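Each protein sequence line maps, in turn, to chains F and X. Counting from 1, position 78 in the first sequence corresponds to residue 78 in the UniProt record's numbering; the numbering is continuous, with no gaps. Counting from 1, position 116 in the second sequence corresponds to residue 116 in the UniProt record's numbering; the numbering is continuous, with no gaps.
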Amino acid sequence: MSDISHASDVFTAGADALAEARRHQRIQQRRARISAILRYAVLLGVGLVMLYPLIWLVGASFKTNAEIFANPGFIPREPTTEGYVQGWETSTPYTFGRFFWNSFLIILPKTIGTAISCTMVAYGFARFDFPLKKLLFTSVIAILLLPNVVTRIPQYILFRELGWLDSFLPLWVPSAMAGDAFFVFMLVQFLRAIPDDMEQAARVDGCNSWQTLLFVVVPMLAPALISVCLFQFMWTMNDFLGPLIYISSVDKYPVSLALKLSIDTTEAFEWNRILAMSVLTITPALAVFFMAQKYFIEGISAGGIKG
Amino acid sequence: MARLQLRNLEKVYGGAFKAVHGINLDVEEGEFMVLVGPSGCAKSTTLRMIAGLEEVTAGEIRIGERIVNTLEPGKRGIAMVFQNYALYPHMKVRTNLAFGLRIGGASKAEAAKAVEEVAKILEIEPLLDRLPKQLSGGQAQRVALGRALIKKPDVFLFDEPLSNLDAKLRASMRVRITDLHKRLKREGMASTVVYVTHDQTEAMTMGDRICVMKDGHIMQVATPKELYEQPANLFVAGFIGSPEMNVIEGHVDGGAFRTGGQLIQLGEALTSRLSARPERAALGIRPQHLTLATGINGALSAQLRGVEFMGHEVYLHALLDGREVTTVASAAEFERMDRSLDTIRLLPEAANMHIFDRDSGRNVSLRAQG
């Protein structure tokens, strides 16, 4: 008899424990759900705050000039493409197309030049021993830490002596000669993380240093190189000061200067034109970024440099 | 196919650390030479110097009739298999295999034909269109082997190629590589091999000859059998063979070896072979040659400390005058043993004993070569 009552005690205790465990599990699930909702709400809120200016910009570019100041919301009441049409024409003899072309003429050689030259320099630093290597690499890091402003005047004088003022050359030649220490550093870090066995295998296979670089190192470096190109593309597209200093003829203005131009020359600012052209200006950078987002992040994180 | 010679080869790092101390080694045409030693013994450095991946500080490397010291790796007539395969990650297996030939100036058609041949030998035809990351360890290893094979080099260099594989695969790759070597040799193709490993089983099973290294010195170069039976010094004696050779310290006393309170009869043959009678001597005997004795005559007594059951045999660890010794008994013998006793009696086989000089480590009881 006592055995039976004992068994039933055990059974009840077991059932209690089970119910308790279930209740505990339910509480935990509810907590997880609430925390997820909170998390997403905060993220959404902060994201919206960050994105609002951009959304407003796009909305406002479709408004009439009068509405921009009258209507604080971002959805235009009477959408119009007037801003785009007139903005494209500009107040100069050139259309905005010309300025985009100018930007392209700076960006293309600069990006390609940076990719090639920085790869070569980084490969040298990461894989070869040569006299004064430490000193030279230290100077690369020193350049990285040096504020740009410091070199501006000497550079200006140098380019003036070379007769390069009012041309695109000062804007891309230094970068195409591995002048951007940041990219050299980034690629060196990336290369250091790649084991050199493959390069040794290539040497045993009969490659010289250049062939090793081209056939083995560059393909492995691709994610980092894509990041370098993207960074360079975006920074150059957004660069205002460089063109402002070196370029004086309107027909050579890149988009960053051209935007400023529309503010300078009109008496009453045609804000909708400026905003419309701003939208066009950021479009290429945004498009390229979204297309290459995967490599971009891969390149940065693998290189050990967090943006 | 060519002979490889190292003459007084030295490697000094940073002007201070001497990694390789003027070693001399001859690898005959078609020979499978294994460099073996504990980590840090400079076996890999030596191999990398032969490959040309490491500069030679002093000495000479000769492949065939050429001194190759300053030649680029690609011009030395060598091919190398790396420990972690080092396949080019962005190229398909087919391109990986053909890469060396193409760099060397072979036409696309020639390279493709060679790839087919090698793929057939190594049975990797179905893998040709895969990327290295889609291969298992064993498959990647075969591709790496193929990449070396396709170049038909004078000398093959292997740098611990099996250490990343699991035990089972390692055993099968071992057989595959030795078979391949024999086959190439039969067909009169390139087959001089230098193979680096830290695994003595690999060394013993694969090598025609083995070169045992320690701290940048060569300790002994010999066939596996000779290395096992006639170790030139204490290091080789301890390094080759598993379980390790027992080393009992003491001194030679007439025709016997005295250790603590016990005497071990050396026998006529061994005594007459002794080239010296060192003050501080050590008697070396493999566990297999230290048998469990039933009688008392000539047997040593030792305190049993532990038993390792290996299946077909049993390792018995015992203390002989305070020094640990190991003996191997068959499972049947172990069954018959009186396990109630702490003391076991061990009978060393005189024919398989070695006497070492403890100061120089040298074996003073080597048989005359013949």
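Note that beta-carbon positions come from the ideal geometry of N, C-alpha and C, so glycine has one too. These numbers come from a predicted model, not from an experiment.
PRO223 of chain F has a beta carbon lying at 8 Å or more from every beta carbon in chain X. One Cα belongs to MET186 of chain F, the other to LEU275 of chain F, and the distance between them is close to 35 Å. Straight-line spacing of the CA atoms in LYS214 of chain X and GLN262 of chain X works out to 33 Å.
The shortest C-alpha to C-alpha distance from GLY113 of chain F to any of F:GLU161, F:THR90 and F:ASP180 is the one to F:ASP180. When rounded, the separation of the alpha-carbon atoms in LEU18 of chain F and ALA32 of chain F is 21 Å.
Within the same chain, Cβ atoms closer than 7 Å to the Cβ of GLU28 of chain X are found at ARG3, the five residues on either side in sequence being excluded.
Here the C-alpha atom of VAL12 of chain X lies approximately 20 Å from the C-alpha atom of ARG62 of chain X. Under the DSSP definition of a beta bridge, ARG66 of chain X partners with X:ILE63. In terms of beta-carbon proximity, MET80 of chain X lines the interface with chain F, with at least one pair separated by less than 8 Å.
A Cβ of chain X is located within less than 8 Å of the beta carbon of ARG203 of chain F. Between PHE99 of chain X and chain F, the shortest Cβ-Cβ separation is below 8 Å.
Residues of chain F whose Cβ lies closer than 7 Å to the Cβ of ALA109 of chain X do not exist; the shortest such Cβ separation is about 19 Å. Between GLY216 of chain X and HIS21 of chain X, the beta carbon gap of about 5 Å places them in contact (Cβ cut-off 8 Å).
The beta carbon of ALA58 of chain X is closer than 6 Å to those of GLU10 in its chain, skipping five residues each way along the sequence. Within chain X, the residues ALA86, LEU87, TYR88 and PRO89 have their CB atoms less than 8 Å from the CB of MET198 of chain F, given in chain order. With distances taken between CA atoms, ALA351 of chain X lies nearest to X:LEU270 out of X:ARG286, X:LEU270 and X:GLY311.
Residue contact with chain F for LEU347 of chain X: absent (no Cβ-Cβ distance below 8 Å to any residue of chain F). Your pair ALA126 of chain F and VAL85 of chain F does not check out as a contact, with CB atoms roughly 51 Å apart and the cut at 8 Å.
Closest by C-alpha distance to PRO348 of chain X, out of X:THR294, X:ASP359, X:PHE17 and X:GLY14, is X:THR294. In this structure, DSSP gives PRO348 of chain X an extended state, which the three-state scheme calls strand.
As the crow flies, the alpha-carbon of SER256 of chain F is around 41 Å from that of ILE37 of chain F.
Burial is judged here by how many other beta carbons sit within 10 angstroms of a residue's own beta carbon; TRP101 of chain F has fewer than 16 and is exposed. The alpha carbon of ASN24 of chain X has as its nearest neighbour, out of X:CYS211, X:PHE257, X:ILE121 and X:ARG48, the alpha carbon of X:CYS211. For the region 45-129 of chain X, the continuous beta strand (DSSP E) assignments of 3+ residues that do not extend past its boundaries occur at 58-63 and 78-81, in sequence order. Inclusion of ASN84 of chain X and PRO231 of chain X in the CB contact set at 8 Å is not warranted, their separation being larger than that value. Per the Cβ contact rule, the region 162-172 of chain X is in contact with the region 122-141 of chain X (3 or more Cβ pairs under 8 Å).
Annotation for PHE190 of chain F: the continuous alpha helix (DSSP H) segment containing it runs 181-193. Under the Cβ distance rule, PRO73 of chain X counts among the residues neighbouring chain F, one pair being separated by less than 8 Å. The beta-carbon separation of PHE32 of chain X and VAL193 of chain X, rounded to 5 Å, stays under the 8 Å limit for a contact. Contacts with chain X at 8 Å (Cβ-Cβ) do not include VAL217 of chain F. Contact fails between the region 200-214 of chain F and the region 149-167 of chain F, because fewer than three Cβ pairs, one in each stretch, are under 8 Å apart.
Chain X has no Cβ within less than 8 Å of the Cβ of CYS229 of chain F. Considered as a whole, the region 132-162 of chain X harbours 137-149 as its complete alpha helix (DSSP H) runs of no fewer than 4 residues, in chain order. Put simply, of X:GLN265, X:VAL56 and X:ARG358 the residue whose alpha carbon is nearest the alpha carbon of GLY254 of chain X is X:GLN265. For ASN148 of chain F, the number of other beta carbons within 10 angstroms of its own is below 16, and it is reported as exposed. The region 207-265 of chain F is shown to contain no whole beta strand (DSSP E) run of 3 or more residues.
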